[in-house]
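*Asks:*
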Amino acid sequence: MTILVTGATGTVGRRVVEQLLERGEHVRALTRDPARAEFPAGVETVRGDLADPASLESALDGVTGLHLITFDGGLFAPLTTGEEIMRLAREAGVRRVTVLNGGGDTPMETAVRGSGLAWTVVMPVEFMANALEWAPGIKAEDTVREPFVDRLSAMVHESDIGAVAATALTEDGHGGQVYLVTGPQALTVGDKVAALVAARGRKIELVELTEEEAVTGWRADGMPEDVIGFLIDVYRDTPPEGRTVIDTVEKVTGRPARTFAQWAEEHAEFFRA
Numbered sequence: 015m016t017i018l019v020t021g022a023t024g025t026v027g028r029r030v031v032e033q034l035l036e037r038g039e040h041v042r043a044l045t046r047d048p049a050r051a052e053f054p055a056g057v058e059t060v061r062g063d064l065a066d067p068a069s070l071e072s073a074l075d076g077v078t079g080l081h082l083i084t085f086d087g088g089l090f091a092p093l094t095t096g097e098e099i100m101r102l103a104r105e106a107g108v109r110r111v112t113v114l115n116g117g118g119d120t121p122m123e124t125a126v127r128g129s130g131l132a133w134t135v136v137m138p139v140e141f142m143a144n145a146l147e148w149a150p151g152i153k154a155e156d157t158v159r160e161p162f163v164d165r166l167s168a169m170v171h172e173s174d175i176g177a178v179a180a181t182a183l184t185e186d187g188h189g190g191q192v193y194l195v196t197g198p199q200a201l202t203v204g205d206k207v208a209a210l211v212a213a214r215g216r217k218i219e220l221v222e223l224t225e226e227e228a229v230t231g232w233r234a235d236g237m238p239e240d241v242i243g244f245l246i247d248v249y250r251d252t253p254p255e256g257r258t259v260i261d262t263v264e265k266v267t268g269r270p271a272r273t274f275a276q277w278a279e280e281h282a283e284f285f286r287a
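Residues in the sequence shown are numbered from 15 upward in steps of one, following the numbering used here.
(1) Mind checking Thr224: buried by the 16 CB within 10 Å criterion, or exposed?
(2) So, using beta-carbon positions, are Ser167 and Arg272 closer together than 8 Å?
(3) Counting only the same chain and skipping the five closest in sequence on each side, list residues whose C-beta sits under 7 Å from that of Phe141.
(4) Should Thr262 and Glu219 be called a contact, given that it needs their Cβ atoms to be closer than 8 Å?
(5) Straight-line CA distance for Thr134 to Thr124?
(6) Apart from the five residues just before and just after Arg61, which ones in its own chain have a Cβ nearer than 6 Å to its Cβ?
(7) Mapping the DSSP letters down to three states, classify Ala271 as helix, strand or coil.
(8) Taking the beta carbon of Ser129 as the centre, do at least 16 other beta carbons fall within 10 Å, making it buried, or is it exposed?
(9) Straight-line CA distance for Gly21 to Phe85?
(10) Do Thr78 and Arg109 have their beta-carbon atoms positioned less than 8 Å apart in this structure?
(11) Helix, strand or coil for Phe141 per DSSP?
(12) If Phe285 and Leu210 are in contact, beta carbons under 8 Å, what's the gap, nearest whole angstrom?
(13) Quick check on this structure: which residue in Asp235, Leu44, Pro92 and Val113 has the alpha carbon closest to the alpha carbon of Glu147?
(14) Report yes or no: do the region 66 to 83 and the region 109 to 123 share at least 3 C-beta pairs separated by less than 8 Å?
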């Protein structure tokens with residue numbers, strides 16, 4: 015089988031590629047700039063753009079499985095080309111499609127659900143990789159500054175998201191499913207910091223910001239107001255699906271979800287000066 019992974023240079027896309035390779039699949043990775051992609055050996059890299067469906071025609075040749083994202087890679091605008099991409103996929107003989115949920119209803123996901131193919135929606139909660147946002151402050155002053163430090167997150171390892179997608183793309187029985195994907199623990203900010211301390215072998219001070227201090231800092235960093243509003247809402251009152259552990263990873267892949275402690279060990283060098 016040949017499986018085409020779009021969004022292949024993204025945080026999750028790279029993990030989908032890796033997990034498919036581990037399964038011994040022939041992986042074709044779509045990117046706007048193949049020269050800069052730096053995929054593992056054995057990956058077939060092709061040029062293409064989801065915003066330009068015509069650029070996918072040759073990339074879909076011989077493809078049986080297709081992994082999609084819902085947003086344009088440049089400005090993160092919702093992709094509106096889903097219907098045309100699904101038409102090309104059907105014509106190419108694609109049998110299975112996974113789509114990474116973009117946090118709500120999107121034209122691409124709607125097109126995938128109505129495609130007539132065996133589709134699976136992969137809906138992860140917070141990525142463990144979001145902790146990399148703390149790396150500059152930790153490296154510079156051994157400090158994490160965050161509001162609402164008691165908020166809970168069932169954050170998920172990116173490799174587990176990739177593994178769920180890879181399973182759905184290569185095995186029967188996942189068509190028509192929406193998989194909410196979480197990690198194995200609901201963690202506070204303090205829990206995450208403690209795991210990073212253990213991984214890097216050096217203390218980290220956790221400083222709790224007030225809501226006003228956090229908003230002021232985000233604005234100074236140029237964060238858009240709609241993003242600031244979203245963060246405040248989610249941090250102040252995290253939705254149940256974002257803080258409730260479910261066993262999707264184990265049910266779909268047959269092995270337990272990776273812990274944040276594992277993720278911290280794997281990425282410890284990013285937090286060392």
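Even for Gly, the Cβ is constructed at its ideal location relative to N, Cα and C.
Source: prediction; values computed, not measured.
*Replies:* On the basis of the supplied data:
(1) exposed
(2) no
(3) Thr25, Met169, Val170 and Glu172
(4) no
(5) 12 Å
(6) Pro48
(7) coil
(8) buried
(9) 9 Å
(10) yes
(11) strand
(12) 6 Å
(13) Asp235
(14) yes
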